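Each step along the sequence shown adds one to the number in my numbering, with nothing skipped, and position 18 is 38. C-beta atoms are modelled at their ideal positions from N, C-alpha and C, and glycine is treated no differently. It should be emphasised that the depicted structure is a prediction, and the values quoted were computed from it without experimental measurement.
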Amino acid sequence: MAVTKLPPVDLAMFYGASRDFANAFSVRVTLKNPIEPEPMRRALDRAMERYPYFAVRLAVRGQELVLEDDPLPVTLVKGPEPAPLNTAASNYHLVGLSYERTSVVFGAFHGLTDGAGAFPWIKTVLYYYLCETEGRQLDPAGVRLAGEDIPAGELADPFPAGIPDTEEPMAPRWSGALRITDHTPVGPQRCWHIRIGETSFMKYTRT
Numbered sequence: 021m022a023v024t025k026l027p028p029v030d031l032a033m034f035y036g037a038s039r040d041f042a043n044a045f046s047v048r049v050t051l052k053n054p055i056e057p058e059p060m061r062r063a064l065d066r067a068m069e070r071y072p073y074f075a076v077r078l079a080v081r082g083q084e085l086v087l088e089d090d091p092l093p094v095t096l097v098k099g100p101e102p103a104p105l106n107t108a109a110s111n112y113h114l115v116g117l118s119y120e121r122t123s124v125v126f127g128a129f130h131g132l133t134d135g136a137g138a139f140p141w142i143k144t145v146l147y148y149y150l151c152e153t154e155g156r157q158l159d160p161a162g163v164r165l166a167g168e169d170i171p172a173g174e175l176a177d178p179f180p181a182g183i184p185d186t187e188e189p190m191a192p193r194w195s196g197a198l199r200i201t202d203h204t205p206v207g208p209q210r211c212w213h214i215r216i217g218e219t220s221f222m223k224y225t226r227t
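Laid out in structure tokens, this is it:
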């Protein structure tokens, strides 16, 4: 069984998680037609062949937290959010899916990946799902597919071992435009859905 030692930046995510702050995130994708669970199940299983580094569970080896292969399927449940991650309900996976009406929700633990790492996985799942439900082979350009070789850089830790002395702190650069609250909430939390025009949003992110 493959075992991955967690770098410090990932360990901080695990140790920082609590009952009031799960350190997880989710992405909701809304399609035009109601979600068909069986094709979505097949698409998810096929996609996980391309992302074996997401098919893992947390384990304790001696005094260390590590990630090891999880042979159980990533869960797909009906409802507004995926099964709680890192629990029996999610087969101890750190990713999971749920669906309701025309939406599918992708959930992931932040110590496993961030948005940049999760979006290629999301694209792969949706690609396989839409190929089946649309009944045609869609253009796979820009989509990572099962059976491909995984480049070494895809598995590399993107963070440096140390912060260079020349690196400026990031916090002062933030404008605060998207800050919902001025503190980390404790207890019940809200999920805000914000609709932004694509042109306006891309102009904002480029600046």
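Specify, as a first and last residue, the run of the alpha helix (DSSP H) that residue i falls within.
| i | result |
| --- | --- |
| S220 | 218-226 |
| P6 | Nothing can be reported for residue 6, as the shown portion of the chain is limited to 21 through 227. |
| G155 | First-last for G155: undefined, no H or E at that position. |
| E56 | No alpha helix (DSSP H) holds E56; DSSP gives it neither H nor E. |
| A172 | 172-175 |
What number of angstroms, rounded off, separates the C-alpha of residue i from the C-alpha of residue j?
| i | j | result |
| --- | --- | --- |
| C151 | G173 | 28 Å |
| I14 | A176 | The question about residue 14 has no answer, for the chain in this structure spans 21 to 227. |
| S220 | Q83 | 49 Å |
| D141 | A67 | In the sequence under discussion, the amino acid at residue 141 is Trp, which differs from the Asp named in the question. If I take the Cα positions, the gap works out to 7 Å. |
| L51 | Y119 | 11 Å |
| L114 | R215 | 28 Å |
| E218 | A128 | 25 Å |
| V163 | L78 | 28 Å |
| R121 | D185 | 50 Å |
| G36 | R156 | 45 Å |
| M60 | S123 | 11 Å |
| L165 | E56 | 21 Å |
| T153 | P54 | 11 Å |
| A103 | L158 | 30 Å |
| Y147 | G116 | 17 Å |
| L87 | L132 | 9 Å |
What span of residues does the beta strand (DSSP E) with residue i cover, start to end?
| i | result |
| --- | --- |
| V163 | Run containing V163: none; DSSP gives neither H nor E here. |
Could you please give me the residues that DSSP links to residue i through a beta bridge?
| i | result |
| --- | --- |
| E135 | Note on identity: in this sequence residue 135 is Gly, with Glu being the wrong assignment. DSSP, once it has assigned bridges, lists no residue as partnering G135. |
| E120 | S123 |
| F45 | A128 |
| V23 | E88 |
| T50 | S123 |
Alpha helix (DSSP H) runs contained entirely in the stretch 58-118, provided each spans 4 or more residues: For the stretch 58-118, not a single whole alpha helix (DSSP H) run of length 4 or above is found.
Touching by the beta-carbon criterion (3+ pairs, under 8 Å), the stretch 25-35 and the stretch 92-101: No: the two stretches stay apart, fewer than three of their Cβ pairs being nearer than 8 Å.
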